[in-house]
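What follows is one structure encoded as structure tokens, with my remarks underneath.
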Amino acid sequence: MSGEREFEPKIIYFLCSWCGSGGSETAAAHHLHYPENVIPSRVNCTGALPAVHIVRPLIEGADGVVISGCHPGDCHYEDGNFRARRRVALVKSLLDTLGLEPERVWFRYVAHGEGQRFVDTAAEFNDHVKKLGPNPLKTRSDT
Amino acid sequence: MPEEATSLPSELEGATSLPSELEGATSLPSELTVKGLKINKGAEETMRELLRSLLESGKVSGVLALGRTGNAGGGVAYSLFTDPDAFRADGVAIPLLPFMPSNAGSLLSRLTLKGPPAKPVAAVIKPCELRAFIELVKLNQGSLDNLLLISSTCGGVYPLDLGVNGELGERLPQYWEAVKHGELDDQVRPTCLACAHFVPENADITVALMGEAELDAQCTLYLNTEKGAAFVDGVASLPSDVDGVASLPSDVDGVASLPSSEGGLESHLSGELETEAIQRSHSQRQVHQEALFAGVEVGLKGMIHTFGRCIGCHACKTVCPICYCRMCYFDSQGCEHSPEFYEGELERKGGVRVPSNTVFFQLGRLAHMSVSCVGCGMCTDVCPADIPVSTIFSKVGVAVQALFDYQPGRDVTEELPLRTFAEEELAQVAT
Amino acid sequence: MEEQKFRPKIVGFLCNWCAYTAADSAGVSRSNMPPSVMVVRVMCSGRVDPLFVLSAFLRGADGVLISGCWPGQCHYQKGNFHARRRAAMLKGIFETLELEVEDRLRLSWVSASEAPRFVQVVEEFTGEVEQSGPSPLRDEMFL
Amino acid sequence: MNDKDTTRHQAKRNTVLDPPCGALLPAEDGIEAAFVGWLKEALNRNIFDALLIPVEVPAEDSFAYLLLQDAAILESASPLPPVMPVQGGKAISRLTMRGNGNKRIAVVVRPCEARAAVELVKLKQAHLDNLWLITMDCPGALLLSDYLEDPAAGAARFAKAYADRRHPSEWDREPMRPVCQICNHFSLRQAPVSDLHIGTLGSSDGAVFIIPASPKGERILEDMDMPVDAALDSWAEQVEEAEQTQTERRRQAHTELRETITGPERLMDVFSNCINCHNCQRACPMCYCRQCYFESAALKLPPENYLARAEHKGALRFSPDTLLFHIGRASHMILSCVSCGACEDACPMDIPIAQVFSLLADRAQETLGYVAGGSLEEPLPLVAYEMDELHQVEQPYVEIYHKQEVQDA
Numbered sequence: 014m015s016g017e018r019e020f021e022p023k024i025i026y027f028l029c030s031w032c033g034s035g036g037s038e039t040a041a042a043h044h045l046h047y048p049e050n051v052i053p054s055r056v057n058c059t060g061a062l063p064a065v066h067i068v069r070p071l072i073e074g075a076d077g078v079v080i081s082g083c084h085p086g087d088c089h090y091e092d093g094n095f096r097a098r099r100r101v102a103l104v105k106s107l108l109d110t111l112g113l114e115p116e117r118v119w120f121r122y123v124a125h126g127e128g129q130r131f132v133d134t135a136a137e138f139n140d141h142v143k144k145l146g147p148n149p150l151k152t153r154s155d156t
Numbered sequence: 025m026p027e028e029a030t031s032l033p034s035e036l037e038g039a040t041s042l043p044s045e046l047e048g049a050t051s052l053p054s055e056l057t058v059k060g061l062k063i064n065k066g067a068e069e070t071m072r073e074l075l076r077s078l079l080e081s082g083k084v085s086g087v088l089a090l091g092r093t094g095n096a097g098g099g100v101a102y103s104l105f106t107d108p109d110a111f112r113a114d115g116v117a118i119p120l121l122p123f124m125p126s127n128a129g130s131l132l133s134r135l136t137l138k139g140p141p142a143k144p145v146a147a148v149i150k151p152c153e154l155r156a157f158i159e160l161v162k163l164n165q166g167s168l169d170n171l172l173l174i175s176s177t178c179g180g181v182y183p184l185d186l187g188v189n190g191e192l193g194e195r196l197p198q199y200w201e202a203v204k205h206g207e208l209d210d211q212v213r214p215t216c217l218a219c220a221h222f223v224p225e226n227a228d229i230t231v232a233l234m235g236e237a238e239l240d241a242q243c244t245l246y247l248n249t250e251k252g253a254a255f256v257d258g259v260a261s262l263p264s265d266v267d268g269v270a271s272l273p274s275d276v277d278g279v280a281s282l283p284s285s286e287g288g289l290e291s292h293l294s295g296e297l298e299t300e301a302i303q304r305s306h307s308q309r310q311v312h313q314e315a316l317f318a319g320v321e322v323g324l325k326g327m328i329h330t331f332g333r334c335i336g337c338h339a340c341k342t343v344c345p346i347c348y349c350r351m352c353y354f355d356s357q358g359c360e361h362s363p364e365f366y367e368g369e370l371e372r373k374g375g376v377r378v379p380s381n382t383v384f385f386q387l388g389r390l391a392h393m394s395v396s397c398v399g400c401g402m403c404t405d406v407c408p409a410d411i412p413v414s415t416i417f418s419k420v421g422v423a424v425q426a427l428f429d430y431q432p433g434r435d436v437t438e439e440l441p442l443r444t445f446a447e448e449e450l451a452q453v454a455t
Numbered sequence: 007m008e009e010q011k012f013r014p015k016i017v018g019f020l021c022n023w024c025a026y027t028a029a030d031s032a033g034v035s036r037s038n039m040p041p042s043v044m045v046v047r048v049m050c051s052g053r054v055d056p057l058f059v060l061s062a063f064l065r066g067a068d069g070v071l072i073s074g075c076w077p078g079q080c081h082y083q084k085g086n087f088h089a090r091r092r093a094a095m096l097k098g099i100f101e102t103l104e105l106e107v108e109d110r111l112r113l114s115w116v117s118a119s120e121a122p123r124f125v126q127v128v129e130e131f132t133g134e135v136e137q138s139g140p141s142p143l144r145d146e147m148f149l
Numbered sequence: 019m020n021d022k023d024t025t026r027h028q029a030k031r032n033t034v035l036d037p038p039c040g041a042l043l044p045a046e047d048g049i050e051a052a053f054v055g056w057l058k059e060a061l062n063r064n065i066f067d068a069l070l071i072p073v074e075v076p077a078e079d080s081f082a083y084l085l086l087q088d089a090a091i092l093e094s095a096s097p098l099p100p101v102m103p104v105q106g107g108k109a110i111s112r113l114t115m116r117g118n119g120n121k122r123i124a125v126v127v128r129p130c131e132a133r134a135a136v137e138l139v140k141l142k143q144a145h146l147d148n149l150w151l152i153t154m155d156c157p158g159a160l161l162l163s164d165y166l167e168d169p170a171a172g173a174a175r176f177a178k179a180y181a182d183r184r185h186p187s188e189w190d191r192e193p194m195r196p197v198c199q200i201c202n203h204f205s206l207r208q209a210p211v212s213d214l215h216i217g218t219l220g221s222s223d224g225a226v227f228i229i230p231a232s233p234k235g236e237r238i239l240e241d242m243d244m245p246v247d248a249a250l251d252s253w254a255e256q257v258e259e260a261e262q263t264q265t266e267r268r269r270q271a272h273t274e275l276r277e278t279i280t281g282p283e284r285l286m287d288v289f290s291n292c293i294n295c296h297n298c299q300r301a302c303p304m305c306y307c308r309q310c311y312f313e314s315a316a317l318k319l320p321p322e323n324y325l326a327r328a329e330h331k332g333a334l335r336f337s338p339d340t341l342l343f344h345i346g347r348a349s350h351m352i353l354s355c356v357s358c359g360a361c362e363d364a365c366p367m368d369i370p371i372a373q374v375f376s377l378l379a380d381r382a383q384e385t386l387g388y389v390a391g392g393s394l395e396e397p398l399p400l401v402a403y404e405m406d407e408l409h410q411v412e413q414p415y416v417e418i419y420h421k422q423e424v425q426d427a
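Protein sequence lines, in the order shown, are assigned to chains A, B, C and D.
The numbering of the first sequence is the working numbering, which starts it at 14 and goes up by one.
The numbering of the second sequence is the working numbering, which starts it at 25 and goes up by one.
The numbering of the third sequence is the working numbering, which starts it at 7 and goes up by one.
The numbering of the fourth sequence is the working numbering, which starts it at 19 and goes up by one.
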């Protein structure tokens, strides 16, 4: 029915509270905007983001998940982002093995001051997911 | 064709004006007891029509029913349907399939655990699932509000194995043939062969299946509650304009005279559902039950023989609708023993099973839930070690329930037996 | 040469307000009774979960005694009525499964002032259990 | 960081065991009998205080782990039963989750069970200090459901398939569970986590090797007065050869499996029969959580949530978390998965869950450079990290979007 309309993905953007969220604040302060369908969700540290929380949105209705924490070495908790990187690698490996499009998960560092980088990431990922099309899992009734 | 059906005018007349050539519903006194709504469509089609129309008209916001899963359609699972098309002839829903991938009582509990839905939801479930749900409501694990419960006189369901190896589809013609004659296909689960409560209680709408010789061509809906009647009322596609088919009284008076659901649902099975076929099946199943119960290996030896091969997966507990505890005692810290515990047991007995508590788990679970055991058979079905759990639990359940004159799922207003007492009772227990 | 006499182990769940007080006063008044009961004080006989009884049997008890206030005298008004229903249920389970322990479970009302009655209950029950011998559940490895 | 690197590399190097010599255990009357006899002697000589070993249950239709100190019970013990009703790692964890006991206990398990135990130690769910793990070259196990249909026939089938214990090429893996058919960790060499290993492969007539794999194991052989002087070349050779064929079989099976499960369409066909009983999780030795996330309040939602999701999709499978449960469970335990097959044994719907998980495990563990149950020293992959690794998951930043944004503004 809505085939005519352009596909507008639903994207969850996990931001660590020190850098990723800081980036979004900087972006706000500079009046930069990013696509409205990107829904930011703050976590204390990307290292505290369970793998299930990356998978769950993809099954329950999101088209993509992007995660931004501090640059390597900058983590407020010293090594949370390194742990997050391993977890993302794990999730991507699972999704890849099951043929569930690991490219719907992005992991990119965004520092507190990098408002532009935050906005760019949101916009770039949004375009990227648009190209991928709707997440087939979210419309399946038998998941 | 469903499309045609929807366009048919609603032919609702007073029940008293039913043509006389139909037996069953029509032979009833004209006043209040009329509940049988005879429809000149097969049971399966009637269900589809009814549910589709309920969804389409927005009377219900969803329908919980069985449906096919996967692309090959190999799997069967309960689904919450919102798309009316699922109930078209080629839709994925299969509301009357004799299969029970999980006890829908648990599912309704999950659905309504946090409160009733804002808009009505219909559910097509089996009598034992309905009884389980009533028990769960009593245990504060669900709500009956805004649910339209549809059940049927049940001819049993096939074991899960049959769903796995694909035999289920092949056996269906045989199943329906047996049901038409008021018989049970001998391949249905032993629990079902021995089920004493295959006529639903507390259903808003009951579909007659057992012993309905014509169920491919016509079927009777029993509207047990005002709620059930109200939902069926106005479903245009159901009562056809073909001669000789009864329809529901459309005037409010007629509806209002149906048994009310106030003060909780009650069983309002009238004589007409207690057909000869049902009574016959009842006594047949009684015989089965006695044989089944007699086959239980009792005594300590029996317990060890039966549960010796238990792998401790607690699947019986997981699928049991009554075992609603999020944290079971037997999975809790209370059952995580120190090495010293095992060493003590070892000293005492010379040997100890690890993990321990195999029989303790079974007896403990009996102590916790046997008063509410509805005998749905899920535990046996799911057991990877093929232990006849359900037979033992039903046997104990029946005995324990008799002590308190309690029947699980009979009445939602009835107190759970371990939550109530009478001052003058059981004097012989205390010495 | 004589075989050691079987001395039953009985776990006694005594309610704090009646049976336990009775047991206490039996002790204070130096009444003689068999040392067979291992006392577990509970606040009310209604506190005794069926699992307590099962676990006592499966871990070596030859008998289980639940003792609380007489009907109508419960400190919590109705705890003992619940205890009675539970005992009835347990006996029902034992009988149905023919575990031969239903007579090893005893529920007795003993009020706080009935020290002699408590002694009598213990003597009687100990005698009964002695007669029946060790519990079959006691030494089974595959439980 | 350098320190860390060296320890990790050492750990990895250690994962192939090559003891030059083992002891010889005469086994004229059958390997099991000889092994059980040896255990009995060790028990009588107080080399251990107790044994944890599979014992046939009284109904003679299955096996259960029994902790025993009465040597008489050993009569019905079976060091290598035809089925694996309870994963031995789980039994070890139940026994020692609260700490090391006071008794010295020898534990007879399959290699995958020993590897599970090692993972459980790292997950702080087991303690091995007072345990001696004894493993055996393992031909696999039968599917529990197949075996239970006719235990006697199952036992015979198992015995026949494994008649020649000395040559892996003679082993008939066909009757075994699918995940056993493609197991390449059936012996000790690639995961030397036990203390003693019974090597049947490459042994000569009438004797098997008892291979010490740790100082603890060496001490036992010393105490038993067994000279460690039999050369193990023939064992190592046979194991290596079998490992190669098995690894190749595994690779092939996984390639075929990928064809049948990849993509949402095929994946949902695999899980179409799932009844959400979570039995795979219950049987899994790695799923030790007392309260599983997938049974927790986190997934109990108000009816409006379910109805909204159903509205969106047209229907919502109920219970609604089938795929989330399986992928989510994988994300929790797959790095510790030892492909033991307990999940598949426990599945009432015959979903090839162990095969799917073995594929997921191999690939995920490869990504993070980890082998589950490979060694006690190597830290769990989600606990450890390297600073310089896995850059392929970091999304490179391209300035191109920056320019667009400026234009828009």
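Beta carbons are placed, not taken as given, at the ideal position from N, Cα and C, and that holds for glycine.
**Request:** Check the DSSP bridge columns for G93 of chain A and list the partner residues they point to.
**Result:** Its beta-bridge partners do not exist; DSSP assigns none.
**Three or more C-beta pairs below 8 Å linking the segment 220–230 of chain B and the segment 149–163 of chain B** = yes
**Prompt:** If you draw a straight line from the C-alpha of C361 of chain D to the C-alpha of H66 of chain A, how long is it?
**Reply:** 24 Å
**Request:** Please compile the residues from chain B whose C-beta is within a distance smaller than 9 Å of the C-beta of D87 of chain A.
**Result:** Those do not exist, as D87 of chain A stays about 40 Å from chain B at its closest Cβ, beyond 9 Å.
**Request:** Could you name the residues of chain D that S106 of chain A contacts, counting a contact when the two beta carbons are closer than 7 Å?
**Result:** R381, A382 and T385
**Message:** Does E137 of chain A come out as helix, strand or coil in the three-state DSSP assignment?
**Reply:** helix
**Request:** Indicate whether V411 of chain D and A102 of chain A have their beta-carbon atoms separated by less than 8 Å.
**Result:** yes
**Request:** Give the residues of chain D in contact with F148 of chain C, contact being defined as C-beta atoms less than 9 Å apart.
**Result:** V73, V75, P76, A82 and L84
**Asked** With a Cβ-Cβ cutoff of 8 Å, do L57 of chain D and A124 of chain D count as a contact?
**Response** yes
**Request:** For the segment 334–348 of chain D and the segment 289–301 of chain D, state whether three or more C-beta atom pairs, one from each stretch, are separated by less than 8 Å.
**Result:** yes
**Prompt:** Can you list the alpha helix (DSSP H) stretches of 4 or more residues lying completely in the segment 96–154 of chain B, in chain order?
**Reply:** 128–136
**Message:** Distance check for T249 of chain B and G278 of chain B, CA to CA, integer angstroms please.
**Reply:** With a pLDDT of 35 at G278 of chain B, under the threshold of 50, the modelled position of that residue is not reliable, and no figure is offered here.
**Where A348 of chain D meets chain E, residues with beta-carbon distance less than 8 Å** = The structure shown contains no chain E; its protein chains are A, B, C and D.
**Message:** So, with DSSP's three-state summary, where would you put L317 of chain D?
**Reply:** helix
**Asked** How long is the line joining the alpha carbons of V59 of chain C and A249 of chain D, rounded to whole angstroms?
**Response** 58 Å
**Asked** Mind checking if S61 of chain C is an interface residue toward chain D, Cβ cutoff 8 Å exclusive?
**Response** no
**Message:** Any beta carbon from chain A within less than 8 Å of S126 of chain B's own beta carbon?
**Reply:** no
**Prompt:** If you draw a straight line from the C-alpha of G69 of chain C to the C-alpha of S138 of chain C, how long is it?
**Reply:** 10 Å
**Message:** Taking CB distances under 8 Å as the criterion, tell me whether G319 of chain B reaches chain A.
**Reply:** no
**Cβ-based contacts, 7 Å cut-off: residues of the segment 431–452 of chain B near chain C** = P441, L442, F445, E447 and L450
**Request:** Would you tell me roughly how many angstroms separate the C-alpha atoms of A68 of chain D and R191 of chain D, rounded to the nearest one?
**Result:** 33 Å
**Request:** For P149 of chain A, go through chain D and note every residue whose CB falls closer than 9 Å to its CB, in chain order.
**Result:** G281, P282 and E283
**Request:** Using a threshold of 8 Å, state whether the C-beta atoms of L43 of chain D and L85 of chain D are closer than that.
**Result:** no
**Asked** Fully enclosed by the segment 60–125 of chain D, which beta strand (DSSP E) runs are 3 residues long or longer?
**Response** 68–74 and 81–86
**Request:** Taking only beta-carbon positions, decide if E412 of chain D is within less than 8 Å of chain A.
**Result:** yes
**Close Cβ partners of R116 of chain D (< 6 Å) along its chain, the five nearest in sequence each way excluded** = none
**Asked** Considering only C-alpha positions, which residue in the set B:Q431, B:G99 and B:S362 is nearest to N189 of chain B?
**Response** B:G99
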